[in-house]
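Below is one structure, written out as structure tokens; the observations come after it.
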Amino acid sequence: MRGREDEWTGLMRSAMAGDDAAYHRLLKAVTPVLRAAARRGLARAGQPPDQAEDIVQEILLAVHLKRHTWDSEAPFAPWLFAIARNKLIDALRRRGRRVFVNIDDFAETLPGETPQETASAGEVTAQLNTLPQRQRDVLQSIAVDSASIKDTATKFSMSEGAVRVALHRGLAALTAKLRDH
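In the working numbering, the protein residues as written are 112 to 292.
Okay, here's the thing in structure tokens:
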């Protein structure tokens, strides 16, 4: 990578001195790298990678129009990649990045019907005491003591996933017991 960047810097210096062949070689050398970077950036943003070619053309045009702003004492690659990053951001803004989320992922957290009656604190405590010890401890830690899942996991020597499972099962069991009671 370092050798390539040094080569690009040398080619750009020659191009700035008027060597058209060096400029052509530079553009030919950076294009595949820019294309790959544009595709990666689009993929990370959830956009189709087929838009990469337009972004590469915008980058090359900006390099051509702004080449007089490059400091010939500085390496070429950071200057190039700053332009590339900005052109990618501009393209994503123009396209309006959209994120699609499956509603089923949130089915358990969406509000349902408002309960008609609530249980008293004594009823909740009584039903909580009928749960298995692990579920009771996790519910107490998170719901009553306001501890995080991470802190609860550490406190009870459990994985965070196991804490989530115990919390979910405990809440489901408690809800069922209070509904039936």
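Cβ coordinates follow ideal geometry from the N, Cα and C atoms, glycine included.
*Would you identify the three-state DSSP class for Leu203, choosing helix, strand or coil?*
The answer is helix: DSSP assigns Leu203 an H, G or I state.
*Would you mind giving the Cβ-Cβ distance between Ala195 and Ala148, rounded to the nearest angstrom? I have them listed as a contact below 8 Å.*
Confirmed, about 6 Å.
*Would you decide whether Thr241 is buried or exposed? Buried here means 16 or more other CB atoms lie within 10 Å of its CB.*
By the 10 Å Cβ count, Thr241 comes out exposed.
_Boundaries of the alpha helix (DSSP H) in which Asp131 is found, first to last residue_ = Membership of Asp131 in the alpha helix (DSSP H) is indicated by the continuous run Asp131 to Arg155.
*asked:* Does Ile166 pass the burial test, meaning 16 or more other C-beta atoms within 10 Å, or should it be called exposed?
replied: Burial check for Ile166: the Cβ neighbour count within 10 Å reaches 16 or more, so the residue is buried.
*asked:* For Ala128 and Arg206, what's the separation of their Cα atoms in angstroms?
replied: Each residue's CA atom was taken as its position, placing Ala128 and Arg206 some 38 Å apart.
*Give the secondary structure of Ser270 by DSSP, where H, G and I count as helix, E and B as strand, and everything else as coil.*
Annotated three-state conformation of Ser270 is coil, per DSSP.
*Look at Gln244 and Gly281 and say whether their C-beta atoms are less than 7 Å apart.*
Taking a C-beta distance under 7 Å as the contact criterion, Gln244 and Gly281 do not qualify as a contact pair.
*Buried or exposed by the 16-neighbour rule on C-beta atoms within 10 Å, applied to Ile170*: It counts as buried.
*Continuous alpha helix (DSSP H) stretch holding Ala163: start and end*: Counting along the chain, the unbroken alpha helix (DSSP H) around Ala163 starts and ends at Ala163 to Lys177.
_With distance defined between alpha-carbon atoms, name the residue in Ala284, Trp181, Lys261 and Lys266 nearest to Arg275._
Minimum Cα distance to Arg275 is reached at Lys261.
*Spatial neighbours of Glu271 within its chain, please: CB distance less than 8 Å, with the 5 preceding and 5 following residues excluded, ordered by chain position.*
Only Ile260, Lys261 and Ala264 meet the Cβ criterion.
_Candidates Glu164, Ser125 and Thr236, of which the one nearest Arg178 by Cα_ = Cα-wise, what sits closest to Arg178 is Ser125.
*Sub-7 Å separation of Leu145 and Arg136 beta-carbons*: No, the Cβ-Cβ distance between Leu145 and Arg136 is not below 7 Å.
*Which same chain residues, not among the five before or five after Pro160, have their C-beta less than 7 Å away from its C-beta?*
The answer, listed in chain order, is Arg150, Leu153 and Ala154.
*Starting from the Cα of Asp201, find the closest Cα among Gln238, Val235, Ala156 and Glu184 and give me that residue.*
That would be Ala156, whose Cα lies nearest to the Cα of Asp201.
_Expected contact under 8 Å - CB spacing of Val235 and Leu289 to nearest Å_ = The beta carbons of Val235 and Leu289 sit about 7 Å from each other, so the pair counts as a contact at 8 Å.
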